[in-house]
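Colleague: In case it helps, my numbering puts the sequence shown at residues 47 to 521.
Got a structure for you, questions after.
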Amino acid sequence: MTVKDVNAGGEVEEKKMEADKSAQPPLCPARLILFCTNLFIGLILSQFIPDMMETDVYFTWKHIVKFITMCCVSYIMFHVGLEFELDKSNLKQYTTEYLVAATAAGFPWMFCAFYFMYALGPEHNLPWKSALIAARFAAPTSAGILFTMLEAAGMKETWLFQKARILAIFDDIDTLLLMVPLKAVYVGLKWELSVDLIFVAFLLVVMYVFLHRLPLSLEWPALMSYAIGIATFCEMIHFLSSDPNVDPHDLADTLHLEVLLPAFVLGAITKHDEHHIPEPKMKLSQMVPAGNVKVCLSAVFMVLVGFSMPPLFSDKHDVASGHRRLAGAVNNNDSHDSPDMDMGMIAVHVLVCTFLMNIGKTFPALCYRKEVSFRTRLALSVAMMPRGEVCAGIIVNALALGIGGPAMTIAVFCLALNMMMVSGFIFVVKSLNDEKVVDLSDADTEGFPKIEDGPGEGAVKTDSNDDETVETLNV
């Protein structure tokens, strides 16, 4: 070992520290601030806009907001489907992953469901059927936000990132699938629900058979057309089953097909190579980057989620519908029959529910004991805590079924608070994770030794260009 080697080691240590520092996510990511701000803007406007509109105009407004919301959800879920990978030759390996993901989604759901049933007070407690659907918002991890933040933290090549990626996607799939039987429990055994079951079964078969085999365009104008097509199809089913002119004798209840699963499946069957992104051919794709479009759509979606909140302080537009809704028979005590809850109590309930929905996500810390240390497993659990677009989609679905009252207000504010905490979650993940993976490919490290995990702590491997041997220096 020469003095030159020691100096080189010191310089690369400095570069390693600089790379570590640059990989840290910002304390207040602008994107999350934008999403949270938009969510609160939507919530505030949702309480003032109804009083400014006549009833006919208001219901037209609601339909427009609902359709645009469905288009945004479809666009977002398509990207989640693109990330889904399945090794058909070894399906057994996914059994444990799915069970862990389902359990990590189930605990927050059940905690919040019991809270909505027993802790809001006699005047505000939800019936158990409504509570099961209202609390489902606590289950799904935001795969999009999670992947983006972990990559920004320089953790893409770690065991934690790969495991969190699988669990987050299975988590979302479990959430979407369970909504079908939950709706059956909520509205009762009606033949219309068989349409939902057949639709879901068909989509799952298509996803398995054609996984990443369909050569569809992945340019954002094409993705926008897919999203609009899916939303239009689901809305047409809703319209044909709800319009009195189509069904004047009320032979069928209103059908409502969710856009979450079909959009996810379309993304899953689309051929995708993340290592080879073709040059955009459409003029719009060349003019506007796809990343900017996705961020803008997500931001608009958060405003629309706020708009979806029913008026809490006005009953101006509370009129009966002219056609039976699928949940009409059970939707009678959730929204406006109970008095308003004090904002101070709402704040307390938001804090408690936020604690419950996050503590329930710590289940993965009890798994994978043979693979990694407890600190890394705990870091994995914290990485599963961010919520986002899928969570908001579940809230929108619950509101569409007619569930309302303080419980849904609490759910929306829990989502907003959780999104504000995402940077903190990622900081904790980086602090707990035992893996020391730092990508120095962008740094000017040519000729310097590489810092890697080795036999000794802080091992430095130096490549010799003369005799092509490797010397290990423990510092």
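For each residue, glycine too, the CB sits at the ideal point set by N, CA and C.
Keep in mind that this is a model prediction, so the values were computed, not measured.
(1) Could you pull the start and end residues of the alpha helix (DSSP H) that THR400 belongs to?
(2) Does the pairing of the region 171-191 with the region 143-157 give three or more beta-carbon distances under 8 Å?
(3) Using the C-alpha atoms, what's the distance from GLU281 back to ILE274?
(4) Tell me the rounded alpha-carbon separation between PRO452 and LYS416.
(5) What does a CB cutoff of less than 7 Å around VAL468 pick up in its chain, not counting 5 residues either side in sequence?
(6) Beta-carbon separation of SER427 and ASP480 under 8 Å?
(7) Select from LEU312, PHE86, ALA444 and GLY127 the residue whose C-alpha is nearest the C-alpha of PHE216.
(8) Would you kindly check if the distance between the Cβ of LYS175 and the Cβ of TYR254 is under 8 Å?
(9) Grab me the residues of PHE353's own chain with a C-beta within less than 6 Å of its C-beta, minus the 5 sequence neighbours each way, in chain order.
(10) May I ask whether a heavy atom of the ligand GTP can be found less than 7 Å away from the beta carbon of VAL146?
(11) Have a look at PHE86 and LYS138 and give me their C-alpha separation to the nearest angstrom.
(12) Would you call ASP242 buried or exposed, if buried means 16 or more other Cβ atoms sit within 10 Å of its Cβ?
(13) Note the first and the last residue of the continuous alpha helix (DSSP H) segment covering HIS318.
(14) Which value, in whole angstroms, describes the spacing of the CA atoms of LEU264 and ILE315?
(15) Would you grab the beta carbon distance between ALA345 and ASN84 for me? Rounded to a whole angstrom, and I think it's under 8 Å.
(16) Does DSSP classify PRO71 as helix, strand or coil?
(17) When we look at the beta-carbon of VAL251 and count the other beta-carbons within 10 Å, is it buried (16 or more) or exposed?
(18) Report yes if the CB atom of PRO267 is closer than 8 Å to the CB atom of MET328, and no otherwise.
(19) Is DSSP giving LEU303 helix, strand or coil here?
(20) How many Å lie between GLN332 and ASP319 at the Cα?
(21) For LEU137, does the three-state DSSP call read helix, strand or coil?
(22) Tell me the DSSP secondary structure of LEU262 in three-state form.
(23) With a CB to CB cut of under 6 Å and the five nearest residues on each side skipped, what residues in its chain are close to LEU567?
(24) Along the alpha helix (DSSP H) that carries SER120, what are the first and last residues, could you check?
(25) Which word fits GLU169, buried or exposed, when buried means at least 16 other C-beta atoms lie within 10 angstroms of its C-beta?
(26) What's the C-alpha gap between MET348 and SER271?
(27) According to DSSP, simplified to helix, strand and coil, what is VAL251?
(28) Am I right that ALA159 and ALA177 are in contact with their C-beta atoms under 8 Å? What's the rounded C-beta distance?
(29) Within 10 angstroms of the Cβ of VAL396, are there 16 or more other Cβ atoms? Answer buried if so, exposed if not.
(30) Using DSSP with H/G/I as helix, E/B as strand and the rest coil, what is SER469?
(31) On the criterion of 16 or more Cβ atoms from any shown chain inside 10 Å, does TYR164 qualify as buried, or is it exposed?
(32) What's the C-alpha gap between ALA446 and VAL341?
(33) Do ALA528 and LEU206 have their C-beta atoms closer together than 8 Å?
(34) CA-CA distance, GLU129 and PHE248?
(35) Can you give me the C-alpha to C-alpha distance between SER287 and MET98, rounded to a whole angstrom?
Modeller: Short version:
(1) 389-405
(2) yes
(3) 10 Å
(4) 44 Å
(5) LEU78, ILE191, MET195 and PRO432
(6) no
(7) GLY127
(8) no
(9) GLY88, SER92 and VAL111
(10) Looking at this structure, you won't find the ligand GTP or any other ligand, since it has none at all.
(11) 43 Å
(12) buried
(13) Premise fails: HIS318 is in no alpha helix (DSSP H) and is neither H nor E.
(14) 12 Å
(15) 5 Å
(16) Note that PRO71 scores a pLDDT of 47, beneath 50, so its modelled location is shaky; the value from the coordinates is reported in the next line. Coil.
(17) exposed
(18) yes
(19) coil
(20) 20 Å
(21) coil
(22) coil
(23) No answer is possible for residue 567: it lies beyond the span of the chain, which begins at 47 and ends at 521.
(24) 101-128
(25) exposed
(26) 21 Å
(27) helix
(28) 5 Å
(29) buried
(30) helix
(31) exposed
(32) 25 Å
(33) Only positions 47 to 521 of the chain appear in this structure, which leaves residue 528 out of reach.
(34) 21 Å
(35) 30 Å
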